[in-house]
Each structure stands twice: as C-alpha cells, then as structure tokens.
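Structure, as structure tokens:
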Amino acid sequence: MSKILTDELIKETMANQGWQEVNEADQEWQRKMVLDHYEVELTDRFDNNCGYYIYGETTRDGYEVFVAAEDVRNVCISEDLYYYDSDLHDALVDAIKDELSPIYLDDEDADFVDYAIEELYQELYDEKYEEAESELKEQGYKYADEEE
Numbered sequence: 047m048s049k050i051l052t053d054e055l056i057k058e059t060m061a062n063q064g065w066q067e068v069n070e071a072d073q074e075w076q077r078k079m080v081l082d083h084y085e086v087e088l089t090d091r092f093d094n095n096c097g098y099y100i101y102g103e104t105t106r107d108g109y110e111v112f113v114a115a116e117d118v119r120n121v122c123i124s125e126d127l128y129y130y131d132s133d134l135h136d137a138l139v140d141a142i143k144d145e146l147s148p149i150y151l152d153d154e155d156a157d158f159v160d161y162a163i164e165e166l167y168q169e170l171y172d173e174k175y176e177e178a179e180s181e182l183k184e185q186g187y188k189y190a191d192e193e194e
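Under this note's numbering, read the sequence shown as residues 47 to 194, first letter to last.
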C-alpha cells in the first residue's frame, strides 16, 4: 500500500512551516511572512538609507500626488509619480520583490500596502504549496488517481 497524497496533507505540511491558507491568515501574519521571506523592512522613518520611498506630496496648485522611487533626490516625473494611491501597490510589490530594504512608507496602514501584502502572500503561498507537493512526491506520496 502506497502513501496517498491529499490536499489536506499538503496544507498540513505547509502549516508546519508556518504557512496558513490565505483566507485564514490575518493581515499581520501575512505581512510578517512576506517581509521575512524577502528580508524586507517597512519603516515610517524617512532617512537617506532607505532602499525605496513611497510618500504623498502636494502640487503647487493643491493636488495630492504620490511618489514611489528609489532615490528621492532624483525623482522622474513620468516614472515615479502617481496620481492615485491605489496604483502604488504595484510599485510596492516590485520594491519588496527587489528587496529594496528598508522601504519608507509615509502611511504603513494605507490600503495599497494591504493589497500588496495580500498579493505577495498569495504568490508565496502558491509557490510553497507546489514545493510541499513536490517534496511529498519525492517521499513516495502519490495522488489516489495516480495509483496503478
């Protein structure tokens, strides 16, 4: 009799490694797992040692815009300036994946931060799921429909 591979077994293996299903992991847990995986720190302390910066600015005529850049002394208007903060989540995802740490955020509780963390956690969860499945197969586990 061979070892049967199931979704539950894979999820149990992942849970032993600290990975909870996306809908079960709260935002703080997701944030911890993502930042630990990429070895990135988020900070609300602005200084010259940050690897990436995301913050709001006000234009001369009173509009709020958002900057997402590696170098605040050399901001490229066409590439680093955002009109909507909802577009910042893609910039944050890229900065985290590129391990540009620490990342300065003038508002660590902004919605775009939560969206970026959720997106990265889902990607990592899927990646870890495949790794756990592969490891179990290497240990001789097979799905029931793969049985001879």
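Virtual Cβ for every residue (Gly too), placed ideally from N, Cα, C.
query = Looking only at DSSP bridge pairs, what is GLY102 linked to?
reply = For the purposes of this step, residue 102 is taken as the residue at position 56 of the sequence shown. Answer is PHE112.
inquiry  = With the cut-off set at 8 Å, would you say LYS49 and TYR175 are in Cβ contact?
reply    = Your numbering for residue 49 matches position 3 in the sequence shown. Your numbering for residue 175 matches position 129 in the sequence shown. Taking 8 Å as the cut-off, the beta carbon of LYS49 is found no closer than this to the beta carbon of TYR175.
task = Measure from the alpha carbon of CYS96 to the alpha carbon of each residue in VAL68, GLU74 and ILE142, then state which is nearest.
result = One-based indexing of the sequence shown puts residue 96 at position 50. Nearest of VAL68, GLU74 and ILE142 to CYS96, Cα basis: ILE142.
message = Can you check which of these residues, ALA71, GLU184 and VAL139, is closest to ALA162 by C-alpha distance?
response = By 1-based counting over the sequence shown, the position of residue 162 is 116. Ranking the options by Cα distance to ALA162, first place goes to VAL139.
message = I'd like the list of long-range same chain contacts for TYR98, defined as Cβ closer than 6 Å, with 5 residues on each side in sequence excluded.
response = Looking up residue 98 in the sequence shown gives position 52. Correct list, in chain order: GLU116, ALA141, LEU146 and ILE149.
key: Selected residue, minimal CA-CA separation from VAL118, among GLY108, SER132, GLY102 and GLU110   = In the sequence shown, the residue the question calls residue 118 occupies position 72. If we check each option's Cα against that of VAL118, GLY102 comes out closest.
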